[in-house]
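Here's the structure we're looking at; comments come further down.
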């Protein structure tokens, strides 16, 4: 089948991000792909904001848009539900804080033509306005430095064009054949939050012989609402919870540093490791964290330009929330 004959279903899971969703949908409505071959499916995961109004504001002439609502069941369930409604040969998943360029669909299909039946992943970058907003605060600059280092490290290790991912996947902007998606079983709905459900999907895809291609040429903009320290820490906590779900499913993941360093005390832990875990347990108590946030805020006022004291504080704070997430993840998975 020629590329121009492939129909595409774009699934957008969303939860209480009405403002970002408006921009995401506006970009999707501007895709330069034939409208008769394109449909957009928005799955609302129980939002209490004005998400429905965001859909009513869609421009005339936009490709077919379907709105599906579910109770708050998580992003994995939302993606699967959208895929069940999909009629396209290809299912594309786009997060609700992603802005795609007009040629996004054509780029995905071109990558599929080059690499065959596979999962194609676009490359997200902070939007210019997000970078500008982050640059105005000490924590924002800290985030920018970490983000830029992470992206540069990936490019150095794997190259920049059409690299085959050895592990992991970010489902912010991916495409896959609809039949292949269901052959792989879709996303595992046991994952309570976004974070590791896409890594689990990637692992099952690789085990089934499916190639995962991350193409830097397929660039999308990430709006990201986690701009301050507290919001970012809470996201890190939720991601750590899902990392434990992943480790429970694949025991080899229990040796990953994020799990090994933050897991409950074990019989084989050294005195040093045990002391570190006990210290983190005390410091990650909600009262301790509230005090820590006040201290960090005071340091930010004294050192608005940042510097090493704040960098150390930010690393400690994010680490403590990761610790909380891992511990909570073990409690939740043990109770199942």
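Residue numbers (this note's numbering): 2 to 337. Ideal Cβ placement from N, Cα and C applies to all residues, glycine included.
Requested in this report: Quick one: measure Cβ to Cβ for residue 223 and residue 126, integer angstroms, because I've assumed they're closer than 8 angstroms.
Outcome: Between residue 126 and residue 223 the Cβ distance is about 6 angstroms, and since that is below 8 angstroms, they are a contact.
Query - Complete runs of the beta strand (DSSP E) confined to the region 55–93 [at least 3 residues] - result: Counting only unbroken stretches of 3 or more residues, the beta strand (DSSP E) elements lying wholly within the region 55–93 are 65–70, in sequence order.
Query - Nearest-angstrom beta carbon gap, residue 324 and residue 230 [assumed within contact, 8 angstroms] - result: Under the criterion of beta carbons closer than 8 angstroms, residue 230 and residue 324 do not qualify as touching, at roughly 16 angstroms.
Query raised in the report: Checking contacts by CB at 8 angstroms: is residue 211 closer than that to chain B?
Result: Reference to chain B is not applicable here, since this structure consists of a single protein chain.
Report task. Assuming residue 28 contacts residue 52 (C-beta within less than 8 angstroms), just tell me the rounded distance between them. Result -> At roughly 17 angstroms, the Cβ-Cβ gap does not stay under 8 angstroms, so residue 28 and residue 52 are not in contact.
Query raised in the report: In terms of residue numbering, what span does the alpha helix (DSSP H) encompassing residue 294 cover?
Result: That run of the alpha helix (DSSP H) goes 287–303.
Query raised in the report: Who are the Cβ neighbours of residue 38 in its own chain at under 6 angstroms, not counting the five residues just before and after it?
Result: Around residue 38: 8.
Query - Neighbourhood of residue 307 by C-beta distance below 8 angstroms, restricted to the same chain and skipping five residues each side - result: Contacts found: 139, 142, 143.
Report task. State yes or no: is the C-beta of residue 101 within less than 8 angstroms of the C-beta of residue 113? Result -> Taking 8 angstroms as the Cβ cut-off, residue 101 and residue 113 do not qualify as a contacting pair.
Query raised in the report: Which residues bound the alpha helix (DSSP H) around residue 281?
Result: 272–284 is the extent of the alpha helix (DSSP H) around residue 281.
**Report entry** Endpoints, the beta strand (DSSP E) within which residue 14 is located
**Finding:** Counting along the chain, the beta strand (DSSP E) containing residue 14 begins and ends at 9–15.
Query - Bridge-paired residues (DSSP) for residue 99 - result: Answer by DSSP bridge pairing, in chain order: 223.
Report task. With DSSP collapsed to three states, give me the class of residue 127. Result -> Strand, per DSSP.
Query raised in the report: Does the separation of the CB atoms of residue 14 and residue 50 fall below 8 angstroms?
Result: No, the pair does not count as a contact, with Cβ atoms beyond the cut-off.
Query - Own chain residues within Cβ distance below 7 angstroms of residue 246, not counting five before or after - result: Same-chain partners within the cutoff: 191, 192, 197, 330, 334.
Report task. Quick one: measure Cβ to Cβ for residue 234 and residue 322, integer angstroms, because I've assumed they're closer than 8 angstroms. Result -> Confirmed, Cβ separation roughly 4 angstroms.
Requested in this report: Could you give the DSSP three-state label for residue 52: helix, strand or coil?
Outcome: Note: residue 52 maps to helix in three-state DSSP.
Report task. Would you mind giving the Cβ-Cβ distance between residue 276 and residue 327, rounded to the nearest angstrom? I have them listed as a contact below 8 angstroms. Result -> No, residue 276 and residue 327 are not in contact; Cβ-Cβ is about 17 angstroms, not under 8 angstroms.
Requested in this report: Assign residue 319 to one of two classes, buried (16 or more other C-beta atoms within 10 Å of its C-beta) or exposed (fewer than that).
Outcome: For residue 319, the number of other beta carbons within 10 angstroms of its own is at least 16, and it is reported as buried.
**Report entry** Whole-number beta carbon distance between residue 123 and residue 220, since they are thought to touch under 8 angstroms
**Finding:** Going by Cβ atoms, the distance from residue 220 to residue 123 rounds to 7 angstroms, so yes, they are a contact pair.
Requested in this report: Mind reading off the beta-carbon distance from residue 95 to residue 11? Whole number of angstroms is fine, and I expect it under 8 angstroms.
Outcome: The C-beta distance from residue 95 to residue 11 rounds to 6 angstroms, short enough to fall under 8 angstroms.
Query raised in the report: If you count every other CB in all the chains shown that lies within 10 Å of the CB of residue 154, and 16 or more means buried, which is it?
Result: Taking all protein chains in view, the Cβ of residue 154 is surrounded by fewer than 16 other Cβ atoms within 10 Å, so the residue is classified as exposed.
Query raised in the report: Excluding sequence positions up to five away, which residues of its chain have a Cβ less than 8 angstroms from the Cβ of residue 2?
Result: Interpretation of residue 2 is limited by its pLDDT of 45, a score under 50 that renders its predicted location unreliable; the figure taken from the coordinates is listed afterwards. Counting only Cβ-Cβ distances below 8 angstroms, and skipping sequence neighbours, we find 90.
Requested in this report: Report yes if the CB atom of residue 205 is closer than 8 angstroms to the CB atom of residue 178, and no otherwise.
Outcome: At least 8 angstroms separates the beta-carbon of residue 205 from that of residue 178.
Query raised in the report: How would you call residue 85, buried or exposed, if buried means at least 16 neighbouring beta carbons within 10 angstroms?
Result: Answer is exposed; the Cβ neighbour count stays below 16.
Report task. Tell me, to the nearest whole angstrom, how far the beta carbon of residue 135 is from that of residue 228; I am working on the premise that it is less than 8 angstroms. Result -> With 8 angstroms as the limit, residue 135 and residue 228 qualify as a contact, their Cβ atoms being about 6 angstroms apart.
Report task. Report, in whole angstroms, the separation of the C-beta atoms of residue 87 and residue 42, which I expect to be a contact under 8 angstroms. Result -> About 6 angstroms separates the Cβ atoms of residue 87 and residue 42, confirming a contact at the 8 angstroms cut-off.
Query raised in the report: When burial is assigned at 16 or more other CB atoms within 10 Å of the CB, is residue 104 buried or exposed?
Result: Classification of residue 104: exposed, given that the 10 Å Cβ count is below 16.
Query - Backbone secondary structure at residue 178 - three-state DSSP - result: If DSSP states are grouped into helix, strand and coil, residue 178 belongs with the strands.
Requested in this report: Would you mind working out which of 290, 25, 188, 16 sits nearest residue 63, comparing C-alpha positions?
Outcome: Taking only the C-alpha atoms, the option nearest residue 63 is 25.
Requested in this report: Output the boundary residues of the beta strand (DSSP E) element that contains residue 22.
Outcome: Looking at the DSSP string, residue 22 is not in any beta strand (DSSP E); the run it does join, the alpha helix (DSSP H), is 19–30.
**Report entry** Cα-Cα separation, residue 21 to residue 292
**Finding:** Cα to Cα, residue 21 sits roughly 32 angstroms from residue 292.
Query - Span of the alpha helix (DSSP H) around residue 38 - result: Where residue 38 is concerned, there is no enclosing alpha helix (DSSP H), because DSSP gives it neither an H nor an E.
Query - Secondary structure, alpha helix (DSSP H): runs of 4+ residues fully inside the region 186–251 - result: Counting only runs of 4 or more, we get 198–208, 230–250.
Query raised in the report: Taking all protein chains shown into account, do 16 or more other C-beta atoms lie within 10 angstroms of the C-beta of residue 188, making it buried, or fewer, making it exposed?
Result: Buried, because 16 or more other Cβ atoms sit within 10 Å of the Cβ of residue 188.
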